[in-house]
Amino acid sequence: MVTVWKLIRHARARLWRAALVLLLIPAAVGCQRRTIQVYEVPKSPGSQTELTAAGLVPPAPAAGVKWIRPANWQEQPLSEMRQGSFRVPGPDGASADVSVVSFPGTAGGLASNLNRWRGQVELPPASDDELRQATQPVAAGQVEGILVDYASPPQSAKPSRILGAVLETPDRTWFVKMTGPPAFVEMQKETFNQFVRSFEFSQAQSEGEQGPGAPGRPKSSNEQ
Amino acid sequence: MIRLKTIFRPLASLKLTIVCLVCAMVLVFVGTLDQVHIGIYEAQNRYFKSFALFMPIPGTRFAVPWFPGGYVVGGVLLLNLIAAHVARFKLSWNKLGIIVLHAGLILMLVGQLVTSIFQIESQMRLDEGERKNFSESPYFDELAITDKSQPDRDRIISIPDSELRKGRTLQVPGTNFKVVVNDFYPNSVLVNPGRLPSPAYPHLTLGPMAVAVQIPRTYKQDERNVATAAVMLLDKDQPVGSWSVSTGFPQPVNFQVDGRPFQIVLQPQRYYRPFSLQLLKFRHDRYAGTDIAKNFSSQVRLVDPTRREDRELSIYMNHPLRYAGLTFFQAGYDNNDHTTILQVVQNPGRLVPYISCGLLVAGLLLQFGMHLFRFARKMRGAS
Numbered sequence: 000m001v002t003v004w005k006l007i008r009h010a011r012a013r014l015w016r017a018a019l020v021l022l023l024i025p026a027a028v029g030c031q032r033r034t035i036q037v038y039e040v041p042k043s044p045g046s047q048t049e050l051t052a053a054g055l056v057p058p059a060p061a062a063g064v065k066w067i068r069p070a071n072w073q074e075q076p077l078s079e080m081r082q083g084s085f086r087v088p089g090p091d092g093a094s095a096d097v098s099v100v101s102f103p104g105t106a107g108g109l110a111s112n113l114n115r116w117r118g119q120v121e122l123p124p125a126s127d128d129e130l131r132q133a134t135q136p137v138a139a140g141q142v143e144g145i146l147v148d149y150a151s152p153p154q155s156a157k158p159s160r161i162l163g164a165v166l167e168t169p170d171r172t173w174f175v176k177m178t179g180p181p182a183f184v185e186m187q188k189e190t191f192n193q194f195v196r197s198f199e200f201s202q203a204q205s206e207g208e209q210g211p212g213a214p215g216r217p218k219s220s221n222e223q
Numbered sequence: 000m001i002r003l004k005t006i007f008r009p010l011a012s013l014k015l016t017i018v019c020l021v022c023a024m025v026l027v028f029v030g031t032l033d034q035v036h037i038g039i040y041e042a043q044n045r046y047f048k049s050f051a052l053f054m055p056i057p058g059t060r061f062a063v064p065w066f067p068g069g070y071v072v073g074g075v076l077l078l079n080l081i082a083a084h085v086a087r088f089k090l091s092w093n094k095l096g097i098i099v100l101h102a103g104l105i106l107m108l109v110g111q112l113v114t115s116i117f118q119i120e121s122q123m124r125l126d127e128g129e130r131k132n133f134s135e136s137p138y139f140d141e142l143a144i145t146d147k148s149q150p151d152r153d154r155i156i157s158i159p160d161s162e163l164r165k166g167r168t169l170q171v172p173g174t175n176f177k178v179v180v181n182d183f184y185p186n187s188v189l190v191n192p193g194r195l196p197s198p199a200y201p202h203l204t205l206g207p208m209a210v211a212v213q214i215p216r217t218y219k220q221d222e223r224n225v226a227t228a229a230v231m232l233l234d235k236d237q238p239v240g241s242w243s244v245s246t247g248f249p250q251p252v253n254f255q256v257d258g259r260p261f262q263i264v265l266q267p268q269r270y271y272r273p274f275s276l277q278l279l280k281f282r283h284d285r286y287a288g289t290d291i292a293k294n295f296s297s298q299v300r301l302v303d304p305t306r307r308e309d310r311e312l313s314i315y316m317n318h319p320l321r322y323a324g325l326t327f328f329q330a331g332y333d334n335n336d337h338t339t340i341l342q343v344v345q346n347p348g349r350l351v352p353y354i355s356c357g358l359l360v361a362g363l364l365l366q367f368g369m370h371l372f373r374f375a376r377k378m379r380g381a382s
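Quick mapping for you: the protein sequence lines, in order, are chains A and B.
Everything in the first sequence is counted per numbering that gives the first Met the number 0, starting at 0 for the first residue and increasing by one.
Everything in the second sequence is counted per numbering that gives the first Met the number 0, starting at 0 for the first residue and increasing by one.
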């Protein structure tokens, strides 16, 4: 035991050096300076809804909303933005694409979004009044919304048509859009309208409930 | 040894200990008060994870240090404690308790230093059914340029927001890419172009329907800065493209370099893991007939191909998942109880506070135990 104490006595002389080194750590590491990094990762397993372990499809395509998918519409993989994505197969290889996306609040305003859709079919931007006149009301349960139908001008090199619906719940705006060849989209118009009317928002979504767990700001498990 | 003692005597001064303790008290007091204005994260950085507190000189871009920060106070206290041992204390069995006690204190200070330097906190937000192999920083952002050309892997260039400053040109190591930062707003608000006071008002155009306008940084705990950057990418000094990107709209923009698909996005800093978590079910139990929370729990599936793990487990309050050096705590929820938010903490010094507290307790027991033993013996001798 005495030898151990001797060893400690010798080591003590070096303690001050260790202390200096310890003090220098923050300076040397530079408080963990973040730098440019290049690395490889496996392709993301999908920031998207997947089949669960039991092979069951999760209950709702997006939290707080349900819809009835028309029989011939095919589910497509969801992207980061899309909460619903479908391909509508048609005759002669024609097909239309249907997307369901939602954003918090008014998502930049109705007019700007409608004009964005107009731009996608080569139509010029329209004024608020013109936009409003070209809409039709639609109701999905308790939630009111509008329907629009924009087709490319006749001289367009790549004619296309958009059927759109905008549904406003108290805290989110939902955009449902079908894009495809004008003639095929015309055939699908009634089916699309039925799809929009089938939207069913949960109580909290349609009434804007702000109780615990309601959509809006994330809640901390410690705040109760 | 005598020479060493002469050097260390002033450092071992008890007055210095008192000054350090008073400084620490002032730091804690001022930091706690300022936390109301700047949030806990910024308060920690300014007061405790810093070498000095700075006061800006009005009308200039300079700031002068006016008080020692946490690193200086803690560091000097550590030196003071070690110097006291070198200069003053004698090694003897009688002092064993004090030595163990001080070893615990030193370990605690060192442990806190390790934690403050190496701890990485991030969050994993999962919707029911969703699977992720990354967590995201609640504070930092990154400009991510992703090479999507490989079928099974993505090559990611991550440029931290701290590097994005107006006018800088950044060489990406190991590539021919350079990123020119034309402009950078640390915080911004996205508005419709029609809402700008005038077309000439400084802004960055994100798209035909959205522009970003700079606003002051926020330090509120429940708010996050929305960074926006205007960048140009050069490949072999030839421009590839220019984009305005914002964390307020973190949608990757696709482009091509030599026919290879790439994406660019400004997003919360991501920390990728070799395993993934999938949220199977989030539960928010309440006491019957009330809205008072009883329990929050996340049923998750952990899949790790590198360790051949594939199991289901539950994360709930006071029952975190510890895996691969990370701790996943149940931290929050969102989206009408369909989304869980897990706090992901990577802290190599996690066990140090337990060990140091153990040493402190052992030291106190030894010291007082020996005193008691000696006292009892003396009493027996007297009687």
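Heads up, the beta-carbon is just placed ideally off N, CA and C, and yes, glycines get one too.
Just list the residues that DSSP pairs His-318(B) with in beta bridges.
By 1-based counting over the second sequence, the position of residue 318(B) is 319. DSSP, once it has assigned bridges, lists Tyr-315(B) as partnering His-318(B).
- prompt: Alpha carbon to alpha carbon, what distance is there between Tyr-271(B) and Thr-145(B)?
  reply: In the second sequence, the residue the question calls residue 145(B) occupies position 146. In the second sequence, the residue the question calls residue 271(B) occupies position 272. Their backbone Cα atoms lie some 14 Å apart in a straight line.
Using a C-beta cutoff of 9 Å, does Phe-133(B) count as contacting chain A? Taking the first residue of the second sequence as position 1, residue 133(B) is located at position 134. Yes - at least one Cβ of chain A is within 9 Å of the one on Phe-133(B).
In chain order, what residues of the same chain have a beta carbon less than 6 Å from the beta carbon of Lys-177(B), not counting five sequence neighbours either side? Taking the second sequence and counting its residues from 1, one reaches residue 177(B) at position 178. If we look at Lys-177(B) and ignore the five residues flanking it on each side, its Cβ neighbours are Thr-168, Gln-170, Leu-233.
Under 9 Å by beta carbon: chain A residues contacting Ala-209(B): Looking up residue 209(B) in the second sequence gives position 210. Near Ala-209(B) (Cβ distances below 9 Å), the residues of chain A are Gly-107, Ser-111.
ask   = When DSSP labels each residue in this structure, what does Val-120(A) get in the three-state scheme?
value = Sequence index remark: in the first sequence, residue 120(A) carries index 121 (1-based). Three-state result, Val-120(A): coil.
* Asked: Counting Cβ pairs closer than 8 Å, one from the region 105-115 of chain B and one from the region 224-238 of chain B, do we hit at least three?
  -> Segments in contact, no.
What are the boundary residues of the beta strand (DSSP E) that includes His-283(B)? Working through the second sequence from its first residue, we reach residue 283(B) at position 284. His-283(B) -> beta strand (DSSP E) spans 259-285.
Quiz prompt | Any chain B beta carbon closer than 9 Å to Ala-36(A) | solution = Mapped onto the first sequence, residue 36(A) falls at position 37. The sequence as given places Gln at residue 36(A); Ala does not occur at that position. The Cβ of Gln-36(A) sits closer than 9 Å to at least one Cβ of chain B.
Residue-chain proximity (Pro-55(B), chain A), Cβ-Cβ < 9 Å
Taking the first residue of the second sequence as 1, we reach residue 55(B) at position 56. For Pro-55(B), the answer is no, since every Cβ of chain A falls outside 9 Å of its Cβ.
Exercise. Taking a cut of 7 Å between CB atoms, which residues from the region 147-172 of chain B lie near chain A?
Worked result: So the close ones are Asp-151, Arg-152, Asp-153, Arg-154, Ile-155, Ile-156, Ser-157, Ile-158, Pro-159, Ser-161, Glu-162, Leu-169, Val-171, Pro-172.
Unbroken stretches of the beta strand (DSSP E), 3 residues or longer, contained in the region 151-195 of chain A
Complete beta strand (DSSP E) runs here, min 3: 160-167, 171-179.
Report task. Compare the C-beta of Gly-63(A) with all C-beta atoms of chain B and state if any pair is closer than 9 Å. Result -> As a first step, residue 63(A) must be located in the first sequence, where it is residue number 64. Residue-level contact by beta carbon holds for Gly-63(A) and chain B, with a gap shorter than 9 Å.
Report task. Tell whether a beta-carbon distance below 9 Å holds between Pro-267(B) and Phe-139(B). Result -> Mapped onto the second sequence, residue 267(B) falls at position 268. Mapped onto the second sequence, residue 139(B) falls at position 140. A contact, by the Cβ cut-off of 9 Å.
(request) Determine, using beta carbons only, whether Pro-180(A) and Ala-93(A) come nearer to each other than 9 Å. (result) Position 181 of the first sequence, counted from the first residue, corresponds to residue 180(A). Position 94 of the first sequence, counted from the first residue, corresponds to residue 93(A). Cβ atoms of Pro-180(A) and Ala-93(A): closer than 9 Å.
Q.
Less than 9 Å between CB atoms is the rule here; does Asn-191(B) satisfy it with respect to chain A?
A. In the second sequence, the residue the question calls residue 191(B) occupies position 192. Closer than 9 Å to some Cβ of chain A, the Cβ of Asn-191(B) qualifies, so yes.
Delimiting residues of the beta strand (DSSP E) encompassing Asp-33(B): By 1-based counting over the second sequence, the position of residue 33(B) is 34. For Asp-33(B), there is no enclosing beta strand (DSSP E); the enclosing alpha helix (DSSP H) covers residues 13-42.
| field | Backbone secondary structure at Glu-162(B) - three-state DSSP | value | Within the second sequence, the letter at position 163 stands for residue 162(B). Looking at Glu-162(B) - three-state DSSP - the assignment turns out to be helix.
Status (buried if at least 16 other CB within 10 Å, exposed otherwise) for Gln-141(A): As a first step, residue 141(A) must be located in the first sequence, where it is residue number 142. Classification of Gln-141(A): exposed, given that the 10 Å Cβ count is below 16.
Quiz item: From the beta carbon of Gln-329(B), is the nearest beta carbon of chain A less than 9 Å away?
Solution: If you number the second sequence from 1, residue 329(B) lands on position 330. Judged by the 9 Å Cβ criterion, Gln-329(B) is in contact with chain A.
For a contact defined as C-beta to C-beta under 8 Å, what are the partners of Lys-218(A) on chain B? Counted from its first residue, the first sequence places residue 218(A) at position 219. For Lys-218(A), the C-beta contacts it makes with chain B under 8 Å involve Gly-331, Tyr-332, Asp-333, in order along the chain.
What is the rounded straight-line gap between the Cα of Leu-312(B) and the Cα of Lys-293(B)?
-> Start at 1 with the first residue of the second sequence, and residue 312(B) comes out as number 313. Start at 1 with the first residue of the second sequence, and residue 293(B) comes out as number 294. Approximately 19 Å, taken between the alpha carbons.
Practice problem: Quick one: which residues of the region 351-373 of chain B get their C-beta closer than 9 Å to a C-beta of chain A? List them in chain order. | Solution: Contact annotation: in the region 351-373 of chain B, no residue has its CB less than 9 Å from a CB in chain A.
Worksheet item: Taking C-alpha atoms, which residue in Glu-189(A), Met-186(A), Ala-150(A), Thr-172(A) lies nearest to Ala-64(A)?
Response: For the purposes of this step, residue 64(A) is taken as residue 65 along the first sequence, with counting starting at 1. Sequence inspection shows Val at residue 64(A); the Ala mentioned does not correspond to that position. In terms of Cα proximity to Val-64(A), the closest of Glu-189(A), Met-186(A), Ala-150(A), Thr-172(A) is Thr-172(A).
- Item | Per-residue burial, Gln-36(A) [other beta carbons within 10 Å of its own, 16 or more giving buried] | Along the first sequence, one-based indexing puts residue 36(A) at 37. Exposed: under 16 other Cβ atoms inside 10 Å.
**OP:** Report yes if the CB atom of Thr-134(A) is closer than 9 Å to the CB atom of Glu-162(B), and no otherwise.
**Re:** Working through the first sequence from its first residue, we reach residue 134(A) at position 135. Working through the second sequence from its first residue, we reach residue 162(B) at position 163. Note that the C-beta distance between Thr-134(A) and Glu-162(B) is not below 9 Å.
task: Alpha carbon to alpha carbon, how far is Phe-327(B) from Val-302(B)? Give it in angstroms, no decimals.
output: Taking the first residue of the second sequence as position 1, residue 302(B) is located at position 303. Taking the first residue of the second sequence as position 1, residue 327(B) is located at position 328. Using only the alpha carbons, I get a separation of about 15 Å.
Problem set entry | Cβ neighbours of Cys-30(A) in the same chain (closer than 8 Å, five flanking residues each side left out) | Taking the first residue of the first sequence as position 1, residue 30(A) is located at position 31. Caution applies to Cys-30(A), whose pLDDT of 49 falls short of 50 and renders its modelled position unreliable; the value that the coordinates give is listed next. Cβ contact annotation for Cys-30(A) (same chain, cutoff 8 Å, sequence separation greater than five): none.
Chain B contact for Gly-163(A) (CB, 9 Å cutoff): For the purposes of this step, residue 163(A) is taken as residue 164 along the first sequence, with counting starting at 1. Answer no: the Cβ-Cβ gap between Gly-163(A) and chain B never drops below 9 Å.
- prompt: By Cβ distance, which residues of its chain are closer than 8 Å to Phe-53(B), with the 5 residues on each side in sequence left out?
  reply: Working through the second sequence from its first residue, we reach residue 53(B) at position 54. Around Phe-53(B), the same chain offers Ala-62, Val-63, Pro-64, Trp-65 as residues with beta carbons nearer than 8 Å, after the five sequence neighbours per side are excluded.
- Query: Could you give the distance in angstroms between the alpha-carbon of Leu-363(B) and the alpha-carbon of Val-99(B)?
  - Reply: Within the second sequence, the letter at position 364 stands for residue 363(B). Within the second sequence, the letter at position 100 stands for residue 99(B). Approximately 8 Å between the Cα atoms of the pair.
_Of the listed residues Thr-338(B), Gln-34(B), Leu-95(B), nearest to Val-360(B) (C-alpha basis)_ = The count along the second sequence starts at 1 and reaches residue 360(B) at position 361. Ranking Thr-338(B), Gln-34(B), Leu-95(B) by Cα distance to Val-360(B) puts Leu-95(B) first.
Within 10 Å of its beta-carbon, does Val-27(B) have 16 or more other beta-carbons around it, so buried, or fewer, so exposed?
Position 28 of the second sequence, counted from the first residue, corresponds to residue 27(B). Around the beta carbon of Val-27(B), fewer than 16 other beta carbons lie within 10 angstroms, which makes this residue exposed.
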